[in-house]
Amino acid sequence: MTPRSHGLALGIVVVALAALALGYHNAFVLNLVFVGLIYAVLGQSWNWISGYAGQISFGHALFFGCGAYASALFGVHHGSPWLALPAGALVAAALALAVGFPCFGLRGHYFSIATIAVAAIAEIAVNNIGALGKANGFEMPILAPSLASLQFDDKGQYVLMALVLFAIAQIGTITLERSRLGYYLRAIRANQEAAASVGVDARAAKLATFAAGAALAALAGSLYAQQTLYVGPEDTLALPISIAIALVGVVGGLSTVWGPALGALVYVALARYGGAVLGGQGHGLDLLLYGGLILVIVSWRPDGLAGIGGSIRRFVRRRSAETPA
Amino acid sequence: MNRTLAVGAMLAIVLALVGGSAAPIRGAEPAEIVVGSILPLTGGLATTGQGLKLAQELARDLINGRQPYPLLMAGKDGLPNLGHAKLKIIFADSQGSPDQAKTVAEQLITQDHVVALLGTYASATTATASQVAERYGIPFVNPDSSSPTLHTRGFKTFFRTTPHDATFSENLFEFMSDVLKKQKKPPVHKLAIVYENTLFGTGAADAEEAIAKRDSYDVALRLPYGANSSELQSEVQKIKAAGADVIFQSSYLNDALLFMKTYKQQSVSPQAIIAQDAGFIDPNFVKNLGKDADYIFTRDVFSLNLKAKNKAVPAINELFKARSPGGNNLDGNTARDFTAVFVLADAIDRARSTKPEEIIKALAATNIKGSDTIMPWRGIKFDEHGQNTLGNGLVEQIQNGVYETVWPFDVATKAAIWPMPPWDKR
């Protein structure tokens with residue numbers, strides 16, 4: 003797809019979801035859309051470092067948590083939630099640089115292991131630091147709904163906020179694909195030595211990508227906290243959250259513009275909507291369905307859902323090439 | 041044709057007026073009263089959540105049935121003040137996740153139009169689900185979350201029937217001084233607080249430390265540890281070195297077992313080990329340790345082994361056991377969830393209405409005697425924060441492998457054995 007058609011697709015999605023947010027006042031559905039958008043952004047931020055740069059992160063919850071905790075702390079101490087957004091993003095980016103700098107010199111799986119370790123350390127630290135609410139987490143005060151307090155009566159407004167962030171993430175990815183950095187990353191992923199030999203600074207490229215993705219994940223964490231109004235270590239920093247983020251990226255398709263969004267759609271439809279509708283029976287049917295789908299995708303289409311579109315296009319092209327004119 | 045219609049209409053109006061004056065709410069009587077229940081039905085807490093669902097279903101069936109029990113609202117064929125309308129519970133799965141709990145709360149309120157919510161066991165999910173209920177003005181009855189902050193949020197729709205962690209910890213200290221006074225033993229001074237370092241243990245330890253400081257005990261050691269530790273030698277050495285009279289301990293099962301084995305190995309013998317339920321009331325605790333489990337004190341919220349205030353307890357337990365796939369007895373969690381359904385049904389019945397604001401008013405006016413429930417509580421009566429003020433915990437001691445209730449004294453089955461004998465003299 004060209005940047006132009008990506009832009010067109012994004013425009014359609016944004017307009018459709020904005021119309022839904024403004025016109026359809028079903029809180030349950032809007033809540034699902036909100037969670038879906040947050041995971042689409044998280045999946046995209048993961049896709050930058052793990053898809054385009056090929057460095058698999060299993061600790062992305064750390065950055066999500068940075069944003070969520072920034073919002074919780076600003077909320078509890080009566081700071082403006084708008085200041086929490088850049089604060090969380092900065093802390094996340096700084097942490098990404100601190101984790102990435104020593105690791106990106108190494109090859110292989112060291113980076114993945116380091117991301118798990120650092121996220122685990124952060125979770126344990128938060129569990130034991132009084133100022134960070136320990137294991138109890140924070141319940142944020144409910145404020146008068148307004149744009150200034152970033153709290154709304156209507157779910158639609160949360161969806162609009164998430165939609166803005168989603169658009170930023172998508173435009174960022176479309177730009178990245180065409181940018182010098184994007185080509186560097188693909189070169190590094192294909193062969194780091196060869197890339198370095200033609201003057202690509204692999205470490206700088208990966209660090210920049212990782213820090214930008216971390217900041218993006220933190221912004222998603224902040225919005226999530228503003229909507230949920232409860233932030234605890236188990237729900238923002240724990241390994242299952244990191245895995246959910248990575249799954250969204252893998253199911254949707256690595257290094258594609260629309261993969262994370264597709265992954266998030268499946269995640270919300272099966273794990274969340276399925277959970278709400280089927281979970282009451284208590285047989286874990288929804289989780290079985292989601293697990294089964296992951297198995298099918300991983301074994302049948304390792305390039306994810308976005309890869310299916312590519313195959314269809316190739317198939318059509320091949321057929322038309324075979325057909326005599 | 042027109043004439044018949046007019047007569048019919050007039051007759052209908054007259055009937056409506058007569059019916060209306062005889063019983064003002066007749067016309068509004070629903071056949072079914074729908075409440076929602078949010079529980080962790082899948083995920084890490086699923087085993088507990090499934091048990092809670094069974095307990096709530098049993099309560100619902102007793103309320104809707106005709107078999108009388110000495111329980112408030114049981115066997116009246118539904119809600120008598122609402123024309124014997126039947127109680128219906130729609131269950132939803134929180135997956136143990138705060139934002140999923142919020143999502144399903146929205147769904148129950150806006151899609152299923154429930155008149156009240158029950159749930160949700162884990163404190164974090166109760167925090168978010170009850171926010172939703174507060175925003176929609178739907179009453180929220182919480183049977184089983186023990187975080188002390190839940191009722192202090194200024195909500196008008198939140199009612200918690202269970203005592204919370206601060207009360208439970210308070211009970212443990214009351215028990216300690218009561219027993220020492222009763223048995224004419226010298227008071228203790230030096231305490232050690234040992235706890236697993238996540239939500240449960242940290243909350244309990246904070247509450248214990250606050251009470252210890254207020255009552256001027258000497259907290260010689262405050263020791264957090266990870267519940268999945270594979271060995272605890274150095275932790276136990278620290279505890280031994282602190283030389284506390286009493287160890288206050290909050291542990292899950294595996295770490296509790298490991299601690300007990302290491303205490304024995306290093307012959308750590310304080311006067312008493314007082315535990316916050318969890319691992320210490322797990323059926324596998326005694327199974328694994330045998331005689332070494334003896335003399336441990338633990339808090340609990342319910343016990344089958346107590347001088348029962350309510351004669352229905354054994355019969356209800358048999359009903360529950362028959363429904364439970366594992367043949368489980370009622371325990372502290374299931375008994376509390378069972379009871380909360382009655383509290384809610386009683387309020388809706390007294391409200392004589394399914395309007396949420398009327399149910400909230402009725403809940404606020406709740407006044408149930410302890411003997412009308414299966415709980416060992418003095419009763420159920422909410423303060424202005426919606427916290428039940430008449431609830432209390434129990435203290436049990438393992439004696440010969442059996443959990444005997446030792447406090448409060450009026451429901452006790454055995455006297456407390458204090459101090460525990462040293463390991464080499466057992």
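Line order of the protein sequences matches chains S and W. Residue 25 in this note's numbering is what sits at position 23 of the first sequence, and the numbering runs on without skipping anything. Residue 324 in this note's numbering is what sits at position 284 of the second sequence, and the numbering runs on without skipping anything. From the three backbone atoms N, C-alpha and C, an ideal C-beta is built for every residue, glycine too. None of the values given here were measured: they were computed from a predicted structure.
N- and C-terminal bounds of the alpha helix (DSSP H) containing V268 (chain S): 261-268
Note down, in chain order, all residues in the region 22-35 of chain S with a beta-carbon under 8 Å from any beta-carbon belonging to chain W. N28, A29, F30, N33, L34
Can you tell me whether V161 (chain S) is buried or exposed? The criterion is at least 16 other CB atoms within 10 Å of its CB, across all chains shown. buried
Considering V74 (chain W), what are the terminal residues of the beta strand (DSSP E) in which it resides? 72-79
Give a yes or no on whether the minimum CB-CB distance between Q172 (chain S) and chain W is below 9 Å. no
Helix or strand or just coil, what does DSSP make of F60 (chain S)? coil
Between which two residues does the alpha helix (DSSP H) harbouring S184 (chain S) extend? Note on identity: in this sequence residue 184 (chain S) is Gly, with Ser being the wrong assignment. 182-192 is the extent of the alpha helix (DSSP H) around G184 (chain S).
DSSP three-state assignment for A62 (chain W), whether helix, strand or coil: The pLDDT assigned to A62 (chain W) is 37, lower than 50, so where the model puts this residue is not dependable, and the model offers no usable value.
In this structure, how does DSSP classify V326 (chain W) when only helix, strand and coil are distinguished? helix
For V17 (chain S), is the classification buried or exposed, using 16 other Cβ atoms within 10 angstroms of its Cβ as the cut-off for buried? exposed
Out of S:R316, S:I245, S:A214, S:R188, state which residue places its alpha-carbon closest to the alpha-carbon of S257 (chain S). S:R188
Just the chain S side, please: which residues come within less than 9 Å of N237 (chain W) by C-beta, in chain order? I126, N129, N130, K136, A137
Return the CA-CA distance between E436 (chain W) and D317 (chain W), expressed in angstroms with no decimal places. 9 Å
Tell me the start and end of each unbroken beta strand (DSSP E) in the region 404-453 of chain W that is at least 3 residues and wholly inside, in chain order. 434-439, 442-447
Can you find the residues in the same chain that come closer than 6 Å, C-beta to C-beta, to A266 (chain S), ignoring five residues on each side of it along the sequence? G38, Y41, A42, G45, V250
When DSSP labels each residue in this structure, what does F198 (chain W) get in the three-state scheme? strand
Cβ contact check for the region 207-224 of chain S and the region 166-174 of chain S: 3 or more pairs under 8 Å: yes
Give the single residue among W:S256, W:L298, W:L220, W:Y235 whose Cα lies nearest to the Cα of Q311 (chain W). W:L220
Report the rounded CA-to-CA distance for D371 (chain W) versus A380 (chain W), giving the unit in angstroms. 14 Å
Go ahead and label D340 (chain W) buried or exposed: buried means 16 or more other beta carbons lie within 10 angstroms of its beta carbon, across all protein chains shown. buried
Residue range of the beta strand (DSSP E) that includes S2 (chain S): Residue 2 (chain S) is absent from the structure shown; chain S starts at 3 and stops at 327.
Leaving aside the five residues before and after P80 (chain W) along the sequence, list all residues of the same chain whose C-beta is less than 8 Å from its C-beta, in chain order. A86, T88, G89, D133, S134, Q135, G136, T160, Y161, A162, T165
Quick check on this structure: which residue in W:H153, W:G91, W:A99 has the alpha carbon closest to the alpha carbon of I73 (chain W)? W:H153
Quick check on this structure: which residue in S:S59, S:N138, S:S7 has the alpha carbon closest to the alpha carbon of P235 (chain S)? S:N138
Residues that D133 (chain W) bridges to, as DSSP identifies them: W:L79
Backbone CA spacing between G83 (chain W) and P138 (chain W) [nearest angstrom]: 13 Å
Presumed contact (8 Å Cβ cut-off) between F30 (chain S) and T150 (chain W), rounded CB distance: 6 Å
Any idea if A62 (chain W) is buried or exposed, counting beta-carbon neighbours within 10 angstroms, 16 or more meaning buried? At A62 (chain W) the pLDDT is 37, less than 50, meaning the model places this residue with poor confidence; the figure from the coordinates comes in the next sentence. With fewer than 16 Cβ atoms within 10 Å of its Cβ, A62 (chain W) is classed as exposed.
Ordered along the chain, which non-local residues of its own chain (more than five positions away) have a Cβ less than 6 Å from that of V353 (chain W)? I414
Residues within the region 114-146 of chain W neighbouring chain S, beta-carbon criterion of under 8 Å: I130, F131, A132, D133, Q135, S137, P138, D139, Q140, K142, T143, V144, E146
What are the partner residues of K126 (chain W), as DSSP defines its beta bridges? W:E72
F76 (chain S) and L64 (chain S) - do their beta-carbons sit closer together than 9 Å? no
Quick check: what's the CA-CA separation for P203 (chain W) versus N428 (chain W)? 7 Å
Checking 9 Å against the spacing of the C-beta atoms, do L266 (chain W) and N294 (chain W) come in under that value? The sequence shown places Gly at residue 266 (chain W), rather than the Leu named in the question. Going by C-beta atoms, G266 (chain W) is not nearer than 9 Å to N294 (chain W).
Who are the near neighbours of Q153 (chain S) in its chain, counting only those whose CB is closer than 6 Å to its CB and skipping five residues on each side? L145, P147
For R274 (chain S), which residues of its own chain have a beta-carbon under 7 Å away from its beta-carbon, when the five flanking residues on both sides are left out? L34, V37
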